[in-house]
Structures are given as C-alpha cells and as structure tokens.
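Only one structure is covered here, and it is reproduced in the block below.
Numbering (this note's numbering), first residue to last: 4 to 636.
Structure (structure tokens):
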C-alpha cells in the first residue's frame, strides 16, 4: 500500500520520538503550529499526542527541539556558508539548500553568526526535520523553501567547540570555585571523578579547560603532568563506555550444559506451552470464537475434543482489537460456561509523563512487551495469551517485510518461553486462491516461519455451516489431522462451538483448494456464497454484513444483487433497532422454532455445554446442520 504524505510525516515523527528526540508540528513557513511549544523543551510528546497533531494538521512539517531534551546541538549553515572542517556527523540538507549538522549536546543555547552564514541551535531552539517540505515568502519578498533530506545517517559526533566565538569556547555552566577546598589527600580521586563527569557532558577542549581551572583552586594544586594523566584516564573511560553502548556480542552455550526437556502442551500435540501458534482464516468463520473457546477450556479444565485430554487450568490474557468485551467476548464466554475470574482482557497501555499525567494507548509489539512481561509476572498461572488480530498491534511495522516481522516476533517468542505461556496469534488469509496453505496467511511468510504451529480455519465446501480447523505446520508433534466443528446459538444468544467426534482426514491444501467449475464464477456468485456462509447461523445487522463483505473484498453492487437474487428481505425488529438480514430458510426455521417447546440440550461429554451425555445436543445440532454428519459422542 502506498503511503500518503501525511502518513509518511507521522511515521517519521514517531521514528524521531523513538530515537529520543522531542518533536512537535510546524507549518510550511517553519513556524510552530502549537500555541505553546516550549513545554516540549522539558518533556517529550507522547505517541498519542503526535498522532493527534497530525490528525489535526495532516500536512504539518516536523520540528525537532534541540538542546538537552533531545541530546543534540545543531550547526545551521546557510547556502554559501563554509562547511569544510566540520566533523562528519548526522547531516540534513535543508529546503533552501543549506545544511544542518547534528552533534552531541554541548550545553549551549542558540547563537547566531558564530561565523559567516552559520548559526547554532542549542538549548531553547528547534530545527525542521526530513521529510518536511517548506514553502514561504521571506522578508525580502522572495519565495523560499523545499524538501529537507537526510544525506548522512551517521552517529552523532562531538560538537566542534571551535565554532563558538573567541572567548566563549571554554565557557561552562559549571563554576570551578564550587569544587575548591578539597583536602590534599583527596585531590586525585575527586578530580578524576569530576573529569569523568565533565568529559561526558562537554566537548573535550571545554572539559579540559574546566579541569585546569578547578585544579588551580586546590591548595596546593596537583602537578600539571598529573592533571593531564587524570584527564586522559577520564577520556579513555569515556571511549570505553561509548564502545560498550550498542556493542553486539555473540553469546553461546555448550549443549552438554543444557538439560533436555519434554514439550509441555496446552492442547496435546496441537498447541504447546511456551511457544507461538498462528491461527488464520477468512472473516466470519469463527477464529475469534475459537480463542474464547480455548479460554473457556483453560479456565475450567474441560476435556479437549477427540483425545479427551484435560486442559491445564490457569489464567488467560485476551488482546482483542475487534470485539467488544461487554457485548461480544463476555457473552461468548458465558455461553461456553467459562470461569471468567480467570480470564482477563487487556484494555490499553497506560503511560505517565514527566508531569504525572496519564495517557492511554493501544498495545504495541515494538514498545509494550515489557508491560506484558510485568503483567504476566502478576499472573504466574497464566497459560494462554490470545492476540486477535496480530495485525492490529504491529504499530506501523510493514507486515510484508520478512526481516521486520521476524525482529518483532523474536522478543515475543522469548517472552512466551520465559513464562511458559502459549501465545496464539490470529490472522486473516490473503486473497490468493488455492495453492499451498503455507502461503495463504496475510503478510509475509515470516509469520508462519516464526511460530511452532500454524492452523487455518476454513469452511467445508460441501457443507457451508461446517468449519474445518486444519494444521498447516507443526514442528513439535506428528500430524494428527484436523478437526471439524459447527457453531450453534446458546440460550443467551451467543454463538458456541460444537466439535465433531472424528478427526478430519483431508489436508489444509485440499480444504482450501478451489473446486472445478464448468462456468465462470461471477462477482454476484461470490457474494451469494459469502452471504450463504455468513448468515448460515442466523440473522445479522445489515451494517455488520456490509462491513464483513468489505473486508472480504465484495463491493456493494454485487452484494445488493446477491441479496435480491437470494430473496433476502431486510427487516426491523422494532422502530429503535437497525435493519437486519437473514436467509429466508433461517426466518422460516425461526418461526417454526418459536412455535415449539424450547428444550435445553445437555452436552455429549464433559465440556463447555455441560457434563452429561444425552440426546438433546444431537437434536440441537441436527436442527442446524446436516443430520448425516458425525458429531460429538
């Protein structure tokens, strides 16, 4: 997807925040758009503030506050100014053809014309940053401006103190007299500690001048050679510290020191504890319902379908960006007879700024894994973290870039291993038809590569009301086949899953294969298939139907033709409610069911629908599905 200019500017603004630089919006004329921007000299904006700014001013340029808050001092050289001799550093070409040289913070304020056509932007200043584009009329009436471009993405060099006017190059906000009065036996240690501090804060010449003045205040002063040795030692420590920061070291373990361990299972031979699992499928097939079903099994220790192993009892953490907790998630859990005391929904991430004010933002893989780590430490019995959908939490990361997704998921895998918790991520299928199921997950193949098991949910091509839960990949166990399930309506009106008692023998590739057709499948035919599948379990709000259709790539025109062709007549339950769509067969069945005596059906085995076997469940299933299909026994 091509990114528009507004999205691109916001993306860069957020990246600058990630670098630790304080940003705010400026206009095409380089003037701040905020009534008051000075607060951002002492605190950085939150991501939420930045997003709000670029929502209000979509074409705003990016201003970066210079000085201590961002750790930078910028040398601004206009067109024609001398740049020879300036140390190589992070460099930007300005819209007017000049240059911005970004250096380490030098604890100096803004200074103009330190030499011809050269200014310094320090404490209290700001610069316009790439990819901003300026356009304005200057004081002489000339049209000026252009695009700002990064030309050297280098580490920040030390500020060239020689640029300061003569007499100011050694100026320091520290007073040497404040460090006088040191006893003779403490001079070396005190001066060395002070030197280590000032070389981190000031350019070398400025720091050396300050140390010399400080020593002159000692009674008696240390010998000049000894002072130089102390200062050189502080410089070496500064270099060593800089080399350690960001240094990447290979860490190894001898395999003989590693004790072999057995895989621990959440769902035997399907979903492992301490590992990542991926669940993909088209909209409307019950992927999210599967996550709440898993949560219900874990909260109560229900028996898993087919193999009848008991689910480990524990807590569950749900991250849901699409379903409301009150009207969707909780009713589904109640229908599945879950113990909701053990199930937790992540609402947001709370951040506290320097003023003690709190803001709330959506969870981000890039920024908030530490918050999830702390949350899991408070839930030591947590067995499952469900992320639905994973794409909602990528925070601008391109889901089609292999390296980016691998870098994002690796820390998540480490977190799962540390807490021995199963992480199930939900994703959509792409629009590719047929072929290898491995390549059908939305985004890069890195999603499938990073997980230990991957499954797809698809409809049974011979029975649209039947769903197939099929393995695509399982690195930790043998292939034990897929499962089939159907979705029925519980007494509270929420959907609930009913598993069949036999495994599915076909493969995921076969389940996704396109059946041979004798004639062209038109857009209207696709819309008919979509509506038949979506409305198979009952009526839906018209707005939700259209939303699901849009996500499935079906336009309004074929959707309307399909509705008319199928005889679907929109209806209102009452004057205050919205329009609803239902298949004609469903409406007829509902009318007949209302005339019958309602009978609550017990479950066929221990599970979320009850604890005793009986005919009631089979009767309920047969009313919704093919009576020749095999269901739970």
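Backbone N, C-alpha and C define an ideal beta-carbon position, used for all residues, glycine too.
Query                                                                                                                                                                                 : Result
Would you list the residues sitting across from residue 152 in a DSSP beta bridge?                                                                                                    : 96
Please look up how many angstroms separate the CB atoms of residue 393 and residue 291, rounded, as I've assumed it's under 8 Å.                                                      : Going by Cβ atoms, the distance from residue 393 to residue 291 rounds to 12 Å, so no, they are not a contact pair.
So, does the stretch 84-97 touch the stretch 19-34, judging by three or more C-beta pairs under 8 Å?                                                                                  : no
Going by C-alpha distance, which of 346, 532, 464 and 541 is nearest residue 499?                                                                                                     : 541
Output the distance between the C-alpha atoms of residue 536 and residue 335, rounded to the nearest integer angstrom.                                                                : 20 Å
Assuming residue 468 and residue 539 make a contact with CB atoms under 8 Å, what is their CB distance in whole Å?                                                                    : 5 Å
Label residue 255 either buried or exposed according to how many other C-beta atoms from any shown protein chain fall within 10 Å of its C-beta, with 16 as the threshold for buried. : exposed
According to DSSP, is residue 456 helix, strand or coil?                                                                                                                              : strand
Expressed to the nearest angstrom, what Euclidean distance is found between the alpha-carbon atoms of residue 276 and residue 52?                                                     : 38 Å
If you follow the beta strand (DSSP E) that residue 476 is part of, which residue opens it and which one closes it?                                                                   : 466-477
Below 8 Å CB to CB, which residues in the same chain sit around residue 31 once its five sequence neighbours on both sides are set aside?                                             : 62, 64, 136, 137, 138, 139 and 148
Could you check the C-alpha separation between residue 605 and residue 460 for me, to the nearest Å?                                                                                  : Since pLDDT at residue 605 reaches only 35, below the 50 mark, its modelled position is unreliable, and no value is offered.
Does any CB atom of chain B fall closer than 9 Å to the CB of residue 301?                                                                                                            : Protein chain content of the structure displayed is limited to a single chain, and chain B is not contained in it.
Using the Cβ count rule (16 or more neighbours within 10 Å means buried), how would you classify residue 259?                                                                         : exposed
Taking only runs that begin and end inside the stretch 332-385, name each unbroken beta strand (DSSP E) of 3 or more residues, in chain order.                                        : 346-348, 352-355 and 361-364
Taking 8 Å as the cut-off, does the stretch 294-313 touch the stretch 358-374 (at least 3 CB pairs, one atom from each stretch)?                                                      : no
Anyone know if the C-beta pair for residue 457 and residue 280 falls short of 9 Å?                                                                                                    : yes
Let me confirm a value: residue 446 is counted as buried when at least 16 other C-beta atoms fall within 10 Å, else exposed. Which label applies?                                     : buried
Given this structure, state the Cα-to-Cα distance separating residue 561 from residue 587, to the nearest angstrom.                                                                   : 19 Å
Can you grab the Cα-Cα spacing for the pair residue 13 / residue 320, in whole Å?                                                                                                     : 31 Å
Am I right that residue 400 and residue 390 are in contact with their C-beta atoms under 8 Å? What's the rounded C-beta distance?                                                     : Contact doesn't hold; Cβ gap of about 14 Å is too wide.
Is the beta carbon of residue 429 within less than 8 Å of some heavy atom of the ligand ATP?                                                                                          : The ligand ATP is absent from the structure shown, which contains no ligand whatsoever.
Here's the rule I'm using: 16 or more other beta-carbon atoms within 10 Å means buried, otherwise exposed. How should residue 269 be labelled?                                        : buried
Out of 38, 74 and 33, which one is the CA nearest neighbour of residue 20?                                                                                                            : 74
By a C-beta neighbour count over all protein chains shown, 10 Å radius and 16 as the cutoff for buried, is residue 444 buried or exposed?                                             : buried
Could you please give the first and the last residue of the uninterrupted beta strand (DSSP E) stretch that includes residue 102?                                                     : 102-107
Taking the beta carbon of residue 70 as the centre, do at least 16 other beta carbons fall within 10 Å, making it buried, or is it exposed?                                           : buried
Bridge partners of residue 64, per DSSP?                                                                                                                                              : 29
Verify whether the separation of the beta carbon atoms of residue 122 and residue 79 is less than 9 Å.                                                                                : yes
Is the beta carbon of residue 297 sitting closer than 9 Å to the one on residue 266?                                                                                                  : no
Is there contact here, the stretch 381-388 with the stretch 312-319, by at least three beta-carbon pairs under 8 Å?                                                                   : yes
When DSSP labels each residue in this structure, what does residue 508 get in the three-state scheme?                                                                                 : coil
Which two residues bound the contiguous beta strand (DSSP E) that contains residue 320?                                                                                               : 318-323
Are the CB atoms of residue 511 and residue 485 nearer to each other than 9 Å?                                                                                                        : yes
Once the 5 residues before and after residue 11 are set aside, which same chain residues still bring their CB inside 7 Å of it?                                                       : 134
Taking the straight line between their C-alpha atoms, what separation do you get for residue 549 and residue 162?                                                                     : 59 Å
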